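Remarks on the structure that follows.
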Amino acid sequence: AMDPVRVLVTGAAGQIGYALVPMVARGAMLGPDQPVILHMLDIPPAAEALEGVKMELIDAAFPLLKGVVATTDVVAACTGVNVAVMVGGFPRKEGMERKDVMSKNVSIYKSQASALEKHAAANCKVLVVANPANTNALILKEFAPSIPEKNITCLTRLDHNRALGQISERLKVHVSDVRNVIIWGNHSSTQYPDVSHATVKTQGGEKPARELVANVEWLQGEFIQTVQQRGAAIIKARKLSSALSAASSACDHIRDWVLGTPEGTWVSMGVYSDGSYNVPAGLIYSFPVTCRDGEWSIVQGLTIDEFSRKKLDATAEELTEEKALAYSCLS
Ligand code: NAX
């Protein structure tokens, strides 16, 4: 029998946490044969709700779930974890300055970085979901210098999946027949959903999505805006932000990272930039990646046209500003 993998979910008493923990316990993140032990962290005001989630996990009698740790103690939460999904954070409330929200999250991610560095299992893989996701991941990386930078990522898979969904709806094809869209940059409204290299499986073979859509205006306009603004559209409709789709995408992100991407398919992940595609090194930026043997690598050699170049640069610029703002919160 396989040893259980310990999966940390922070902010586990929140909306995304509530959707995510049963998915992990059912094997959607690490596969249908992989036993798991869930570590759930939240803050004291949410301790009772967190205990309720633990009760429900017990009541669901998941065969793969070998244990549950529900705690408000960061050290207990981080000890021995192999995968850490960081969903907890400080939300932006009405009337709050960007800098104030940043400053709260910088201090949370700084202290959780230290706890992970000291207590997580060697080679722990980290996924930051909480906003500002790219910059929280960057802070986590800076304050956990002994965790390899390859192990620290942020979630843009939800945006990636949203882009697949929009192409599938437009062409009336199944979403699993669409692949290789790209989300470049920040998980924010400056992200660039790019279909330049996307393909669609048809009866006549694989065709470029651009050719099938055959409407550059839509692809460069409404499509991009719909993906960029999808989070806001969900809030408007549900009066709550995306939760099940965020949880499902977090599972996709970790699953592909650990178990590998299918041959010929790439996915989008926020990773530490090495300067590929002339994106400034030292940002956590979303790139197209393939994964193998538990490691991601940035897909190289894609052509970037002038339209795309501007979009890649604009979202990089925003991330550079966010990085400066985060650093100004440290002093
Ligand atoms: P909720 O407010 O429902 O849940 C957040 C939970 O985190 C709460 O239970 C809160 O008590 C807890 N928390 C706060 N500070 C904490 C700390 N220091 N340690 C541990 N837990 C802490 O928000 P939810 O809708 O679940 O969203 C969570 C985060 O995901 C938000 O930051 C949100 O902006 C972000 N999102 C990111 C997405 C992405 O694609 N990267 C998409 C969905 C989502 O909007």
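So the sequence shown is residues 17 to 347, counted in mature numbering (1 follows the signal peptide of the UniProt record, and there is no 0). By construction, the Cβ of each residue, glycine as well, lies at the ideal position given by its N, Cα and C atoms. Computed from a predicted model, the values in this text were never measured in an experiment.
- Within the model, the alpha-carbon separation for S324 versus K141 is close to 31 Å.
- Distances from the CB of I183 to the heavy atoms of ligand 1 are all 6 Å or more.
- Out of G280, P278 and S284, the CA that lies nearest to the CA of H269 is found in S284.
- With respect to the 7 Å criterion, V295 and S302 are not classified as neighbours on the basis of their beta carbons.
- Listed in chain order, the beta strand (DSSP E) elements of length 3 or more contained wholly in the region 190 to 247 are 198 to 200, 208 to 210, 215 to 218 and 221 to 224.
- When beta bridges are read from the DSSP output, F303 appears opposite M285.
- Shortest gap from the CB of S130 to any heavy atom of ligand 1: 6 Å or more.
- Taking all protein chains shown into account, L260 has fewer than 16 neighbouring C-beta atoms within 10 Å of its C-beta and is therefore exposed.
- Rounded to the nearest angstrom, the Cβ distance from V229 to R186 is 6 Å, consistent with a contact under 8 Å.
- Where E334 is concerned, the enclosing alpha helix (DSSP H) starts and stops at E322 to L346.
- CA-CA distance, V232 to K166, rounds to 36 Å.
- Annotation for N202 indicates a beta carbon at 6 Å or more from all heavy atoms of ligand 1.
- Three or more beta-carbon pairs drawn from the region 88 to 104 and the region 142 to 159 are found closer than 8 Å, and the two stretches are therefore classed as touching.
- Within the region 123 to 156, complete beta strand (DSSP E) segments of at least 3 residues are found at 141 to 144, given in chain order.
- For the pair K120 and R108, the Cα-to-Cα distance works out to about 10 Å.
- Per DSSP, the unbroken alpha helix (DSSP H) holding G68 starts and ends at A63 to D75.
- With respect to S130, F106 sits apart: the two C-beta atoms are not nearer than 7 Å.
- The residue from V191, G310 and R178 with its alpha-carbon nearest to that of G247 is R178.
- Residue state for G83 is assigned as strand, using DSSP reduced to three classes.
- In the same chain as A297, and ignoring 5 residues on each side of it, the C-beta atoms closer than 8 Å to its own belong to S289, D290 and G291, in chain order.
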